[in-house]
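Okay, so here's the structure we're looking at.
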DNA sequence: ACTGTAGGCCAACGCCTGTTGACACGCCAG
DNA sequence: CTGGCGTGTCAACAGGCGTTGGCCTACAGT
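Chains as they are written, first to last, in the UniProt record's numbering: chain A, 1 to 191; chain B, 1 to 191.
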């Protein structure tokens, strides 16, 4: 499946990367519709037609720009009581140090393909990690969805809508409040 | 302030209402950019120029269409232990029976003015209602923001992104899981 | 009955969009 | 040295957008 024979380094790799960087930034800041190919090309310092040559069309560019790896830690290898805090802390890091997640959220809300992409990340990355820590296997998807709802909701309030009290909370305060919630969603007995 | 002397019924009230209905639907379904004035006018069965005549421009139309009343119940008049369940249940109702909230969420994410509108609703409608139930007055904004983050997060997962496990939960399951979270955010001792 | 005005439609504007095709440069193989 | 291919620019396209102004129609006040 994932076996492109040699990576085959091309002379244009720098340009491709510049386009991708600019695209991620624009998609994160403006959402799918307002992030124009022309603006992305301008940011990358090249002609709009290069974007088409390398990524086919706007959808292809978005697909390439929203290749996301949450880099979730292995939860099995740590004391069960810290799972909530570790997850919240990890997501705060990811959200603050790069704008792919903001882009994913913004585009997921505006664009059907974007929403599917979010669902895919949820299914392929969050589900496996939470599988090991939930009491009953059949409850895993539901519990993961609950956890995701709280994490995305805080990201929405804090990084996208910028609701002042959510922005003003320190990182540690956010963790202190959210960790017990995530902990309960993933590990506590069903209500 | 809110004293337009007579309501002054106009012959065009039906048209105005049709435009507003169509606008709310389109903004909810498509977000700010994709919801075009032409499409809204087509839905309302009139000419695009009528929209301009009555609402000035697209921003004015959006401002009129996103006049939101959460219709939050008085929390002071009920047993303190039920606040979480009542709030979650109320928001589920609002979200399912009318698409203004979805519109608000979608536009809040794509549009700066939309985000400000969400913050305004938070400040003017959620804050006052939660003020009566939090232990310390100075914690009210933070606690309300936490509750908002969980409620918006679930709405995002369930009604916008349509993450399958979040969609599949019954209304009662959502309440059973979320109510204790909201309850804790609003009333429990700070962590 | 006459007239002013509000309600409504139509055609057009200037702008910006995604996308395309033709053309120019420079590297590398033969 | 020469040809081809990869990299890049430029100019243009068709279509959609928000917005504007002119014109027609029908009702309301006198």
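Virtual Cβ for every residue (Gly too), placed ideally from N, Cα, C. Because the structure is a prediction, the values reported are computed rather than measured.
DSSP, reduced to helix, strand and coil, places residue 169 of chain A outside both helices and strands of the structure shown, so it counts as coil.
Cβ-Cβ separation between residue 160 of chain B and residue 105 of chain B: approximately 6 Å, consistent with a contact (criterion under 8 Å).
DSSP places residue 107 of chain A inside the alpha helix (DSSP H), whose first and last residues are 100-110. Apart from sequence neighbours up to five positions away, the residues of its chain that approach residue 35 of chain A with a beta-carbon distance below 6 Å are 26 and 27, ordered along the chain. Excluding sequence positions up to five before and after residue 39 of chain A, its CB lies within less than 7 Å of the CB of 26, all in the same chain and listed in chain order. By the rule that beta-carbons nearer than 8 Å mark a contact, residue 171 of chain B does not touch chain A. Fewer than three beta-carbon pairs drawn from the region 127-135 of chain A and the region 166-185 of chain B are found closer than 8 Å, and the two stretches are therefore not classed as touching. Per DSSP, the unbroken alpha helix (DSSP H) holding residue 31 of chain B starts and ends at 13-34. Below 8 Å, enough C-beta pairs join the region 136-155 of chain B and the region 151-159 of chain A to call them touching: three or more. The beta carbon of residue 23 of chain B lies closer than 6 Å to those of 40, 61 and 65 in the same chain, with the five residues before and after it left out.
Below the 7 Å Cβ cutoff, chain B contributes no neighbours of residue 78 of chain A, its closest Cβ being approximately 20 Å away.
Annotated as proximal: residue 165 of chain B and residue 142 of chain A, with beta-carbon spacing under 8 Å.
Non-local beta-carbon contacts of residue 111 of chain A in its own chain, meaning distances under 6 Å to residues more than five positions away in sequence, involve 32 in chain order. Judged by DSSP in its simplified three-state form, residue 69 of chain B adopts coil rather than helix or strand. If you look at residue 190 of chain B, you'll find it isn't in any alpha helix (DSSP H); DSSP assigns it neither H nor E. For the region 12-40 of chain B, the set of positions with a beta-carbon nearer than 9 Å to some beta-carbon of chain A reads 30, 31, 32, 33 and 34 in chain order. In this model, residue 43 of chain A and residue 82 of chain A are separated by some 42 Å (Cα to Cα). For residue 125 of chain B, the closest Cβ of chain A is not nearer than 8 Å.
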